[in-house]
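Written out below as structure tokens is the structure these notes cover.
There are 2 protein chains.
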Amino acid sequence: MPGGSSIDKDLGLKMTVHLDGMASASTADTNTTESTDTVSVPHPVNVTGKDTRHRNHGNRVKFHVTPVSEEEHELNNRVPSRPTPELKFELDDEGDTLSNHNSITALLSSKFRDIQKRLKQYGIESPRFRKRLVSKWESLNYDVCENVLYIKEQEKYKSKKWVTLRWLSKWLVMFSIGIMTALLAATIHFVVEKLAHLKFDLIKHYFDDCAKNNCLYQPALMWMGINLVITVAGAALVTFLQPMAAGSGIPYIKSYLNGVKIPGLLTFRAFVAKTLGVVMSILGGLACGKEGPMAHSGSIIAAGLGRGRINFCNGKSISFYSAFRNDHEIRDFMAGGAASGVSSAFGAPIGGTLFSLEEAASFWNQDLTWRVFFSSMVACFATNFLISAINGDPTKLTDPGLVRFNAFKFDLKFDLIEIPVFIFMAVIGGLSGALFVVMNYKLTVFRKRYLNKNWIKIIEAGLVAMVSAAVAFGLMVGINDCTDKAPFDSHAVTAAVYCTDKKHNSLSTLFLTTPEGCLKALLHDPFESHGPVSLVAFVLIFFLLGVWTYGLSVSSGVFIPSLAIGAAWGRLVGIGVAHLMPENPNLGVNSSLIKQLDVGKFALIGAACQLGGILRTTISLTVIIVECTDDISFGLPIMIVLMISKWVGDFITTGLYDMNVEVMGIPTLPFECPPLCDDLRASDVMSHPLATFKTKEKVENIYRMLKEETFCGFPVIEDDPMAPGKGKLKGLILRNQLLVLLKKKIFCPEGQVPPRNITIKDFRDFYPVYLKVSEIDLSDEEKSYVMDLKPYYNPSPYTVEQKFSLPRVFNLFRGLGLRHLIVTDEKNMPMGMVTRKDLAKFRVGSKRGLVKIEQLKIEDK
Amino acid sequence: MPGGSSIDKDLGLKMTVHLDGMASASTADTNTTESTDTVSVPHPVNVTGKDTRHRNHGNRVKFHVTPVSEEEHELNNRVPSRPTPELKFELDDEGDTLSNHNSITALLSSKFRDIQKRLKQYGIESPRFRKRLVSKWESLNYDVCENVLYIKEQEKYKSKKWVTLRWLSKWLVMFSIGIMTALLAATIHFVVEKLAHLKFDLIKHYFDDCAKNNCLYQPALMWMGINLVITVAGAALVTFLQPMAAGSGIPYIKSYLNGVKIPGLLTFRAFVAKTLGVVMSILGGLACGKEGPMAHSGSIIAAGLGRGRINFCNGKSISFYSAFRNDHEIRDFMAGGAASGVSSAFGAPIGGTLFSLEEAASFWNQDLTWRVFFSSMVACFATNFLISAINGDPTKLTDPGLVRFNAFKFDLKFDLIEIPVFIFMAVIGGLSGALFVVMNYKLTVFRKRYLNKNWIKIIEAGLVAMVSAAVAFGLMVGINDCTDKAPFDSHAVTAAVYCTDKKHNSLSTLFLTTPEGCLKALLHDPFESHGPVSLVAFVLIFFLLGVWTYGLSVSSGVFIPSLAIGAAWGRLVGIGVAHLMPENPNLGVNSSLIKQLDVGKFALIGAACQLGGILRTTISLTVIIVECTDDISFGLPIMIVLMISKWVGDFITTGLYDMNVEVMGIPTLPFECPPLCDDLRASDVMSHPLATFKTKEKVENIYRMLKEETFCGFPVIEDDPMAPGKGKLKGLILRNQLLVLLKKKIFCPEGQVPPRNITIKDFRDFYPVYLKVSEIDLSDEEKSYVMDLKPYYNPSPYTVEQKFSLPRVFNLFRGLGLRHLIVTDEKNMPMGMVTRKDLAKFRVGSKRGLVKIEQLKIEDK
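From first to last, the protein sequence lines stand for chains A and B. With full-length UniProt numbering, letter number 133 in the first sequence gets 133, and the count goes up by one each step, no holes. With full-length UniProt numbering, letter number 504 in the second sequence gets 504, and the count goes up by one each step, no holes.
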């Protein structure tokens with residue numbers, strides 16, 4: 001080998017390989033270099049400590065199998081039926097709990113790690129919930145299985161009529177998604193606004209009466225009671241009907257779009273729990289919004305319309321059509337649904353489209369983009385129409401979304417000298433956002449450990465609702481900040497409490513309203529409406545309530561509370577700036593109006609900073625905020641603060657949604673392979689040994705394999721009588737397909753012509769909840785039959801050779817949205833399989849100035 | 001074969017296979033099915049007429065090579081050195097000249113084809129310029145070559161310092177791109193505005209004087225003379241310095257982002273020709289804008305900064321750094337440059353980002369997106385700052401781009417009942433846009449045929465400039481529409497001509513200004529400023545001038561003329577609507593203002609419709625227009641009309657840019673594989689036979705192969721002494737690499753240790769203009785030496801098996817941005833290569849209700 005210089009490589013991994021009994025041939029082969037031309041004799045492997053394999057970079061690790069004798073083949077043939085050896089990789093950087101996807105900021109953040117560690121000392125000693133992967137999450141099958149059944153179905157679509165019909169129906173479904181999402185949004189908006197006003201009117205009435213009669217305990221108790229009852233009902237709904245409906249759902253939606261199957265996410269139960277739940281959460285007085293859940297609701301609508309079937313709770317279902325029942329189409333529709341949801345929530349059709357597409361980026365194509373954009377646009381337009389209609393004039397079209405910041409009386413102008421102030425605010429936003437995430441993380445860990453019973457979850461939700469009311473009551477009475485400025489719009493119920501002279505309690509305009517009304521008040525109320533003391537108290541309380549509320553077992557969004565917290569301290573900054581700046585005598589009577597505009601401007605910037613700090617805005621979130629503001633020239637400072645607050649926050653922790661995803665152990669794939677993985681080869685990351693089938697396989701073998709193994713895909717190999725179990729790769733068959741084939745009994749005694757009475761529709765009927773092995777009932781005679789897999793397996797699965805580097809494997813996987821990638825040797829025989837989790841487990845880290853790759857442990861749970 | 005039912009397939013292709021002499025084994029093998037286990041004996045093939053190969057779908061076409069004897073190997077070994085057999089696929093749908101990428105609209109448009117055909121009858125009988133591919137366009141190498149040199153370089157980046165430095169420098173380059181693009185934009189803006197005002201002041205002076213003294217021929221001749229001189233200078237600059245600088249450059253930029261190498265596009269010469277040229281074009285009075293060229297200029301700045309080297313015209317160059325000199329990094333930077341250009345032209349940072357990313361969609365990742373967004377934002381902000389500074393107050397920041405529609409005095413409101421009018425306008429926009437494209441297409445064909453000499457091109461440009469002036473003069477004098485309404489802003493020079501009583505000629509506000517000023521006038525001038533007669537005349541004239549101007553050998557954009565045409569007829573519609581609607585007595589004095597707002601609104605919608613009809617807006621263009629309007633609630637109707645005008649236009653022709661790309665024969669890849677290609681296999685589309693090298697190859701062979709073949713990539717195969725020329729695939733080496741290796745004389749006599757004195761930097765020094773074979777000088781002794789390719793080839797190129805279906809090959813190619821995809825047989829021996837052109841040649845068509853796939857001929861040119 002004159003070409004390759006031999007380089008020793010320390011992979012920096014503490015590797016513990018547990019192989020009970022006899023190791024498989026293929027595991028042992030990983031250590032074989034090109035120079036040895038025979039398979040090394042299988043022997044038990046037990047390596048602990050640093051793995052210092054010698055790797056030859058000129059030639060790469062090679063797997064050479066010279067023509068193998070029959071004995072060897074028989075030896076190797078036992079492998080497929082054996083359980084996977086448990087490969088455990090432990091992290092060598094134990095103290096490093098809070099890290100992030102973004103490789104570069106991870107590198108820059110080592111100094112900030114100390115702060116984290118110190119923070120951690122005061123926290124509860126928690127198990128490692130961050131940086132984990134849980135094995136239960138499966139990938140979606142975005143790849144089309146081009147078997148004979150599929151090709152046959154495609155024949156139908158050769159005619160123009162069919163192509164046109166299919167195309168039209170896709171657009172029609174997208175249109176329906178937009179319309180239905182808008183209907184839902186408008187209904188929720190209407191119900192919440194009406195009922196919330198009723199509730200707060202009642203409380204105000206008692207407030208104003210009792211302030212004179214010294215019976216203030218009455219409204220306090222009433223407030224707490226109403227909150228408790230409604231919130232407990234909402235929490236019970238979510239907890240018992242579908243726990244996946246808890247929270248905003250956005251982390252799950254993002255994971256789904258990234259390609260992870262989330263069971264229960266898109267069911268009718270989730271829809272009911274989500275929509276009714278969010279109404280109850282807001283009426284229950286929790287610090288949450290109804291915007292985040294709209295993305296989830298829209299997605300469920302899209303999935304339901306795409307499947308053309310409604311599953312009811314009693315197990316029954318109505319089926320309309322089945323043409324789109326596969327992961328590929330459903331995911332495309334879901335992108336439209338999520339976009340519609342965001343669009344109708346924020347009146348941001350472009351932002352909504354980007355929201356859907358940035359996670360599903362590998363699958364972006366212009367046709368899909370147009371459809372998503374269309375449904376997003378329809379949703380925005382219909383929401384606008386419906387809300388305008390509710391407000392009395394359906395043709396005015398001035399409310400494109402549920403929440404808008406666009407009520408500034410004049411154009412927002414900013415001066416270049418204000419930019420440093422904005423940057424300062426962005427830094428505050430980033431830091432406080434990180435604090436929010438850290439606190440919520442601690443709480444999440446605590447909840448996972450101690451509050452994991454259903455009834456405790458419900459009680460906690462009720463407790464939060466009561467505390468929210470009690471604290472609001474306490475502040476209103478305690479601070480007793482009186483103002484005579486009428487609040488902006490009629491968003492709030494104003495209560496006088498102890499105020500006289502037609503003045504009212506200024507905090508009542510923040511608390512006796514929905515969180516959205518509160519946000520509007522902070523953005524648009526007159527300059528004098530809210531004093532500094534009220535604002536400071538509000539920020540502190542709302543921050544803590546926000547942390548406590550997010551993660552409760554209720555349907556709730558975190559957009560609005562984040563924005564409200566930011567708007568409150570932004571208003572504080574605005575008041576400060578207004579006091580520092582000399583009064584301009586030329587302005588005269590307009591001075592008050594200009595001040596109002598100025599505090600509104602700072603409140604808006606503060607809101608953006610806080611949102612950026614908590615959620616770590618992506619492009620889509622930036623666009624959403626800019627669209628919400630409805631003023632593109634003011635978009636520039638908003639973009640700047642969003643980027644800066646994201647950077648500052650990223651130095652300390654990941655964003656709230658990413659934290660959620662990591663705590664759940666969902667294996668989302670980042671956009672690029674972590675750097676410096678060039679050393680790793682496909683053979684290093686693949687799962688092996690494999691469970692394989694022959695093209696004609698005994699039913700008993702299939703049944704046993706499905707029962708014993710958890711694999712979701714099985715390579716099909718050539719049935720070579722000379723070398724059983726070691727044939728060339730013929731294709732890939734999925735667990736789901738095998739289960740349907742077994743259920744439909746597509747097998748026959750050996751030698752007979754196999755039955756063919758199955759179509760692609762039979763497979764679709766089971767989508768998306770496929771069968772379980774336990775539902776298959778086979779007689780002993782049937783078990784001796786043979787199944788011909790040829791018409792069903794995917795004859796051209798994507799494969800790579802074992803020497804492929806990890807970045808290339810990663811690009812292939814991410815770029816094509818794969819679920820299974822088969823690793824073959826030079827003779828085209830399957831050696832192992834790369835799945836999403838094999839790639840997601842690599843995270844970048846750094847230690848003592850050197851960048852390192854860590855491997856996460858995949859947990860069974 | 002019990003599984004596979006044999007299905008006869010008519011591929012619908014007239015296939016003419018010219019194989020002179022003896023055919024290669026691999027060509028013949030394509031017809032071999034699995035049932036035959038030996039290679040069919042090679043024989044001359046000459047198939048003409050319908051190809052009715054029997055294809056077995058159960059088993060797919062297989063390529064089985066049983067252990068081959070030495071004689072056979074020797075036979076096959078002659079293949080690589082033979083020239084590629086010329087495979088000619090002729091189209092079976094000759095009359096179908098104007099079609100489009102969008103497969104579905106192509107299907108729906110058959111009825112509209114008749115219109116086209118009739119249109120064609122009145123046109124010049126032209127050669128088939130549409131639907132063609134020219135072989136000269138090569139792909140970019142987006143894929144990283146992971147050879148030993150690369151791996152060695154990566155070692156350096158293991159340290160945190162290096163990673164941080166590289167990361168920071170990428171952001172810094174993006175920042176510089178934004179700043180420099182903004183500087184350029186502001187400079188061009190300043191120069192054009194000042195000089196144009198001087199020019200029109202001069203003409204106005206003579207106009208006003210001569211109207212009284214009957215010497216109007218003086219201003220007419222002066223106008224024509226000025227236009228002629230300046231335009232001829234601009235045209236000469238573009239034609240002789242760099243013809244790639246002609247037009248807006250956007251079709252080329254889009255193609256480059258799609259992955260096609262466009263020689264000369266990103267050179268310093270192109271930059272000079274583009275920037276000076278666009279100034280001259282506008283001063284020369286052509287109907288063109290300076291916005292489109294900004295995207296091109298921004299891209300050149302980005303490429304220059306990325307390469308860290310400036311090449312001067314005299315062949316000298318200054319080099320600063322070389323770390324980013326590969327197609328991958330340059331393309332990423334260029335995305336930032338194009339985005340910055342669009343952003344500073346339109347003040348649309350989101351639209352600019354989308355513009356860059358939608359073509360390069362397969363390579364979207366969040367990190368790159370943020371960087372592109374950042375540079376786009378910086379460009380917008382800096383442009384804003386600079387233009388505000390030019391206008392006197394640098395901190396006001398009210399001009400984020402060169403052209404904005406945002407000067408509407410009040411919020412644009414629209415009523416639901418106006419939507420049908422908007423839709424009607426969108427249909428008009430789509431139809432007239434298609435007419436624009438068809439006319440320009442005819443003209444382009446005519447130019448390619450008859451006006452292909454440099455001096456003719458320059459004369460034509462001068463002629464257009466003179467005619468523009470003459471026609472404008474004629475209209476102003478002929479129509480003599482007088483108004484006393486002061487024009488909006490001070491965008492125009494108002495000439496009285498024959499008007500008295502302090503009135504001025506209303507057309508002078510449209511013609512004595514830059515095209516942008518003209519657009520502003522149409523959007524914002526008072527209701528009474530422009531009469532219907534003037535507008536009708538203006539629309540007709542500007543439409544024809546626009547058609548004539550686009551495609552001249554000058555640097556010019558088509559955005560502004562499209563918008564101006566649309567705004568003019570939109571204004572006409574607005575006037576019509578205002579006359580039809582009953583006067584609202586309640587409005588009183590405001591009535592005139594409301595009318596102004598109303599015609600402005602219709603003008604805006606008209607502009608959007610016309611742009612959509614001509615360019616066929618993508619998502620990015622929609623966002624650009626919405627951002628330009630600076631009013632998101634009015635974004636909805638704009639989106640609707642853009643979509644409808646696109647659909648209407650797509651029924652008839654492709655958009656203007658796509659037409660350009662097709663006329664040039666650039667092989668851009670659509671977002672998805674054309675439908676119904678499932679039947680085609682990788683072996684059907686690949687180019688073969690291949691030219692391959694052994695891992696240790698004689699210098700003479702390499703030199704000869706490079707000289708004789710035009711391939712850009714060569715598979716490297718195992719040096720198997722038992723079967724020469726038929727080894728397993730080891731890797732892929734590029735022509736560029738081989739040329740550098742030959743130039744640097746990295747070879748030695750056989751048996752000696754090969755020299756290693758070459759680093760990855762040596763390869764980069766030649767980027768992007770690599771060597772030509774003719775520049776290599778080898779002695780006869782050197783030719784007998786041996787080159788060891790092992791350290792240089794890419795050891796893990798992407799490969800597929802021959803039975804892979806076309807959609808899967810397509811996804812792989814598009815998803816990963818490949819240049820070469822090697823097709824292998826089951827034994828991992830290379831059979832052929834799929835390149836961009838092999839995929840781009842498939843277009844969808846339909847005939848008699850059946851959807852069909854057509855194959856384009858690849859032309860040498």
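We put the CB at the ideal spot given by N, CA and C, even for glycine. These numbers were taken from a predicted model, which means no experiment stands behind them.
A/Asp-650 CB to nearest chain B CB: under 9 Å? Walking along the first sequence from the start, residue 650 of chain A turns up at place 650. Residue-level contact by beta carbon fails for A/Asp-650 and chain B, as no gap is shorter than 9 Å.
Checking the sheet assignment: what are the DSSP bridge partners for A/Asp-788? As a working note, residue 788 of chain A is residue 788 in the first sequence. Its beta-bridge partners are A/Lys-696.
N- and C-terminal bounds of the alpha helix (DSSP H) containing A/Pro-293: Counted from its first residue, the first sequence places residue 293 of chain A at position 293. Where A/Pro-293 is concerned, the enclosing alpha helix (DSSP H) stretches over 292-307.
Chain A contacts made by the segment 789-812 of chain B, where a contact means CB separation under 7 Å: Result list: Lys-790, Pro-791, Pro-795, Ser-796, Glu-801, Lys-803, Phe-804, Ser-805, Arg-808, Asn-811 and Leu-812.
Opposing strand residues paired with B/Ile-822 [DSSP bridges]: Taking the second sequence and counting its residues from 1, one reaches residue 822 of chain B at position 822. BP columns for B/Ile-822 point to B/Thr-799 and B/Met-833.
Can you tell me whether A/His-101 is buried or exposed? The criterion is at least 16 other CB atoms within 10 Å of its CB, across all chains shown. Residue numbering aside, residue 101 of chain A sits at position 101 when the first sequence is read from its first letter. Low confidence applies to A/His-101: its pLDDT is 42, below 50, so where it sits in the model is not reliable, and the reading given next is rough at best. With 16 or more Cβ atoms within 10 Å of its Cβ, A/His-101 is classed as buried.
What would DSSP say about B/Ile-423, mapped onto helix, strand or coil? Your numbering for residue 423 of chain B matches position 423 in the second sequence. Helix, per DSSP.
Please confirm whether A/Phe-693 and A/Val-716 have their CB atoms less than 9 Å apart. Your numbering for residue 693 of chain A matches position 693 in the first sequence. Your numbering for residue 716 of chain A matches position 716 in the first sequence. Yes. Within cutoff.
Thinking C-alpha only, which one of A/Asp-332, A/Val-809, A/Asp-678 and A/Leu-771 is nearest residue 882 of chain B? Outside the shown range of chain B (1 to 861) lies residue 882 of chain B, about which nothing can therefore be said.
Among A/Ala-608, A/Arg-449 and A/Gly-713, nearest to A/Gly-429 - alpha-carbon criterion: In the first sequence, residue 429 of chain A corresponds to position 429, counting from 1. Ranking A/Ala-608, A/Arg-449 and A/Gly-713 by CA distance to the CA of A/Gly-429 puts A/Ala-608 first.
Inter-residue Cα distance where the pair is B/Ala-339 and B/Pro-349: In the second sequence, the residue the question calls residue 339 of chain B occupies position 339. In the second sequence, the residue the question calls residue 349 of chain B occupies position 349. If I take the Cα positions, the gap works out to 7 Å.
Can you confirm whether the segment 832-839 of chain A touches the segment 805-814 of chain A when touching is taken to mean that 3 or more C-beta pairs between the two stretches lie within less than 8 Å? yes
So, with DSSP's three-state summary, where would you put A/Glu-709? Start at 1 with the first residue of the first sequence, and residue 709 of chain A comes out as number 709. A/Glu-709 falls in the coil class under three-state DSSP.
Under 9 Å between the Cβ atoms of B/Thr-549 and B/Val-464? The residue given as residue 549 of chain B occupies position 549 in the second sequence. The residue given as residue 464 of chain B occupies position 464 in the second sequence. Contact flag set, yes.
Enclosing alpha helix (DSSP H) for A/Gly-557 [first to last residue]: In the first sequence, the residue the question calls residue 557 of chain A occupies position 557. Following the DSSP letters along the chain, one finds A/Gly-557 in no alpha helix (DSSP H), marked with neither H nor E.
Decide if B/Gly-292 is buried, meaning its Cβ has at least 16 other Cβ atoms within 10 Å, or exposed. Along the second sequence, read from residue 1 onward, the residue named residue 292 of chain B stands at position 292. Counting Cβ neighbours within 10 Å, B/Gly-292 comes out buried, since at least 16 surround it.
Could you tell me which of B/Val-661, B/Cys-628, B/Phe-542 and B/Gly-613 sits nearest to B/Leu-642, measuring between CA atoms? Position 642 of the second sequence holds residue 642 of chain B. The option with the nearest alpha carbon to B/Leu-642 is B/Gly-613.
List, in order along the chain, the chain A residues whose C-beta lies closer than 9 Å to that of B/Met-643? As a working note, residue 643 of chain B is residue 643 in the second sequence. Correct list: Trp-370, Phe-373, Phe-374 and Met-377.
Return the chain-ordered ranges of every beta strand (DSSP E) run that is complete within the segment 249-296 of chain B and spans a minimum of 3 residues. none
Buried or exposed: which applies to A/Gly-751, given that a residue is buried once 16 or more other Cβ atoms fall within 10 Å of its Cβ? In the first sequence, residue 751 of chain A corresponds to position 751, counting from 1. Classification of A/Gly-751: exposed, given that the 10 Å Cβ count is below 16.
Using a Cβ-Cβ distance cut-off of 9 Å, determine whether A/Asn-828 contacts chain B. Here the question's residue 828 of chain A lines up with position 828 in the first sequence. Judged by the 9 Å Cβ criterion, A/Asn-828 is in contact with chain B.
If we count the other Cβ atoms within 10 Å of its Cβ and call it buried at 16 or more, is B/Val-47 buried or exposed? Along the second sequence, one-based indexing puts residue 47 of chain B at 47. Any reading at B/Val-47 must be qualified, since the residue scores a pLDDT of 33, below 50, and its modelled position is unreliable; no value is offered.
Under 9 Å (Cβ pairs) to chain B, residues found in the segment 603-625 of chain A: Thr-618, Ile-619, Thr-622 and Val-623
Short Cβ contact (9 Å threshold) for A/Ile-282 with A/Ala-303: The residue you call residue 282 of chain A lines up with position 282 of the first sequence. The residue you call residue 303 of chain A lines up with position 303 of the first sequence. No, the pair does not count as a contact, with Cβ atoms beyond the cut-off.
Taking CB distances under 9 Å as the criterion, tell me whether A/Ile-640 reaches chain B. Translated into positions along the first sequence, residue 640 of chain A becomes position 640. True, the Cβ-Cβ gap to chain B drops below 9 Å.
What number of angstroms, rounded off, separates the C-alpha of A/Lys-841 from the C-alpha of A/Asp-327? Your numbering for residue 841 of chain A matches position 841 in the first sequence. Your numbering for residue 327 of chain A matches position 327 in the first sequence. Cα to Cα, A/Lys-841 sits roughly 24 Å from A/Asp-327.
So, B/Met-787 versus B/Ile-702, is the Cβ gap smaller than 9 Å? Your numbering for residue 787 of chain B matches position 787 in the second sequence. Your numbering for residue 702 of chain B matches position 702 in the second sequence. Against a cut-off of 9 Å, the Cβ pair of B/Ile-702 and B/Met-787 comes out as a contact.
For a test of the three-state rule: what should DSSP assign to B/Ser-139, helix, strand or coil? Within the second sequence, residue 139 of chain B is the residue found at index 139, counting from 1. DSSP places B/Ser-139 in strand when its eight states are reduced to three.
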